[in-house]
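Inspection log for the structure reproduced underneath, given as structure tokens.
2 protein chains.
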Amino acid sequence: MGKLFSKNKLIILYGASLAGILLLLKWLEFRFVIMDHSFEVYIGAIALIFTGLGIWLALKLTKPRIETIIVEKEVIVIKPAKDTSAENFGPDEGALLKMGISKRECEVLALMSEGLSNQEIADRLFVSLNTVKTHSSNLFEKLEVKRRTQAVEKGKRLGLLL
Amino acid sequence: MGKLFSKNKLIILYGASLAGILLLLKWLEFRFVIMDHSFEVYIGAIALIFTGLGIWLALKLTKPRIETIIVEKEVIVIKPAKDTSAENFGPDEGALLKMGISKRECEVLALMSEGLSNQEIADRLFVSLNTVKTHSSNLFEKLEVKRRTQAVEKGKRLGLLL
DNA sequence: ATCAAAATCACCCGAAAGTATGAGCCCAAA
DNA sequence: TTTGGGCTCATACTTTCGGGTGATTTTGAT
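This is the structure we're talking about:
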């Protein structure tokens with residue numbers, strides 16, 4: 009029930025909006041058309057409203073188009089010349105695969121390590137809060153930790169994070 | 009002049025389109041409304057057309073909505089001669105004092121960075137949970153952060169943690 | 001084409017984290 | 001001695017986390 013709603017949420021919402029607006033217009037009909045004969049105003053209003061609706065729809069419906077353009081930002085790190093061998097090239101792919109950590113989970117972990125909340129991560133990745141929770145839960149299980157702070161800690165130790 | 013046109017090209021185009029469509033509708037008016045009295049159909053058509061127009065507009069105008077995942081690439085700079093003295097022996101006292109962070113708060117921060125929960129920190133320091141909460145709250149304020157994960161992040165950047 | 005894994009999202013619920021406020025204790029500096 | 005800062009703790013409240021479950025959709029590989 010709730011699922012079915014959430015799935016077609018946009019469509020239903022759009023339908024409802026349309027119906028509501030049409031009702032409103034129907035009511036206005038007797039004020040504008042009959043009263044003033046200002047048919048053009050009426051039409052103009054409709055046009056504007058539905059143009060806005062279309063824009064809104066497009067923005068909502070359009071897939072976030074995650075083209076993941078990677079902007080490389082150089083950060084100068086002062087290292088005491090010790091264990092530089094393993095940690096130089098970002099996440100350690102081997103370790104990643106060994107733990108069975110997926111791409112998305114890794115992204116979540118990375119954002120976690122920046123101290124973002126689940127909600128902020130969700131916004132950043134254009135997914136819902138629940139999705140982030142799922143990812144993080146799986147992540148914790150795979151990393152065998154209980155908290156996000158531990159996950160970050162372990163992630164850094166394992167070279168999953170840069 | 010040409011610049012001004014090219015800048016507002018889309019807007020002008022939109023205006024033109026709108027005018028054109030309104031003209032078209034004006035013409036159609038005498039076919040639909042008068043002929044059939046199918047006002048609703050007329051309105052529906054307008055709604056659909058302008059919804060489509062809105063969608064088109066949005067898709068044209070909106071930037072390709074690129075999610076820029078910022079991947080920070082570390083550039084290792086080895087400076088063994090200078091600041092090894094500061095980082096090897098625990099927290100940077102100067103930074104500590106500058107932020108007005110007390111001893112206890114620092115201990116809490118250190119345990120936080122190990123991924124311990126507030127309760128665990130409380131047990132470790134032989135104080136109550138509430139005390140740890142108070143310390144961490146004060147800490148967050150002084151570090152200007154909102155969450156423990158951010159506190160750890162910032163703490164490491166500032167050299168408050170080793 | 002189909003099967004499995006990954007990704008997405010929802011809902012519920014309890015636990016942990018964090019906020020706000022107030023208060024008592026101790027100690028050192030004014 | 002009083003005053004302020006650090007430390008301790010409490011209560012009450014809101015928000016965020018995390019676990020558990022179940023579901024659908026996308027995608028990749030066979």
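Going down the list, the protein sequences come from chains A and B.
For this note's numbering, count along the first sequence from 1 and bump the result up by 8.
For this note's numbering, count along the second sequence from 1 and bump the result up by 8.
Backbone N, C-alpha and C fix where the C-beta goes; we use that ideal spot for every residue, glycine too.
All figures in this text were calculated on a predicted structure; none of them were measured in a lab.
**Asked** Any C-beta of chain B sitting closer than 8 angstroms to the C-beta of F148 of chain A?
**Response** no
**Prompt:** How big is the Cα-Cα spacing for I129 of chain A and V140 of chain A?
**Reply:** 7 angstroms
**Asked** Mind checking if G123 of chain B is an interface residue toward chain A, Cβ cutoff 8 angstroms exclusive?
**Response** yes
**Item:** T157 of chain B at chain A interface by Cβ criterion, 8 angstroms
**Value:** yes
**Chain-order list of residues whose beta-carbon lies under 7 angstroms from that of N146 of chain B (same chain, five-residue window excluded)** = E113
**Request:** Starting from the C-beta of R156 of chain A, find all residues in its chain whose C-beta is less than 7 angstroms away, skip the five residues before and the five after it, and write them out in chain order.
**Result:** M120 and S144
**Prompt:** With distances taken from CA atoms, which of A:A159, A:V116, A:G108 and A:K162 is nearest V135 of chain A?
**Reply:** A:V116
**Prompt:** Are any of the Cβ atoms in chain B nearer than 8 angstroms to that of I54 of chain A?
**Reply:** yes
**chain B within 8 angstroms of V160 of chain A, Cβ atoms only** = yes
**Message:** Going by DSSP in three states, E141 of chain B sits in which element: helix, strand or coil?
**Reply:** In the sequence as presented, Glu is not what sits at residue 141 of chain B; that position holds Lys. In this structure, K141 of chain B counts as helix in the three-state DSSP scheme.
**Message:** Residues of chain A with CB closer than 9 angstroms to the CB of V116 of chain B, please, in chain order.
**Reply:** Under the 9 angstroms cutoff, chain A gives no residues; its nearest Cβ is about 13 angstroms from V116 of chain B.
**Prompt:** E161 of chain B by DSSP, collapsed to three states: which one?
**Reply:** helix
**Asked** Is any beta-carbon of chain A found at less than 8 angstroms from that of V153 of chain B?
**Response** yes
**Request:** Count the other C-beta atoms from every protein chain shown that fall within 10 angstroms of the C-beta of E161 of chain B, then say buried if there are 16 or more, exposed otherwise.
**Result:** buried
**Prompt:** Between the C-alpha atoms of I54 of chain B and L137 of chain A, what's the straight-line distance to the nearest angstrom?
**Reply:** 37 angstroms
**Request:** Mind checking which residues open and close the alpha helix (DSSP H) that includes V116 of chain B?
**Result:** K111 to S121
**Message:** Can you find the residues in the same chain that come closer than 8 angstroms, C-beta to C-beta, to K154 of chain A, ignoring five residues on each side of it along the sequence?
**Reply:** F148
**Asked** CA-CA distance, Q127 of chain B and G108 of chain A?
**Response** 31 angstroms
**Request:** Look up G167 of chain A in the DSSP assignment and say whether it is helix, strand or coil.
**Result:** coil
**Cutoff 8 angstroms; reference A159 of chain B; Cβ partners in own chain excluding five residues on either side** = L117, M120, S144, L147, F148, L151 and V153
**Item:** Rounded separation between G167 of chain B and S110 of chain B - CA only
**Value:** 15 angstroms
**Message:** Cβ closer than 7 angstroms: which chain A residues qualify as neighbours of F134 of chain B?
**Reply:** Within 7 angstroms Cβ-Cβ: nothing; F134 of chain B doesn't reach chain A, min ~21 angstroms.
**Request:** Please classify L124 of chain B: is it buried, with 16 or more other beta-carbons within 10 angstroms of its beta-carbon, or exposed?
**Result:** buried
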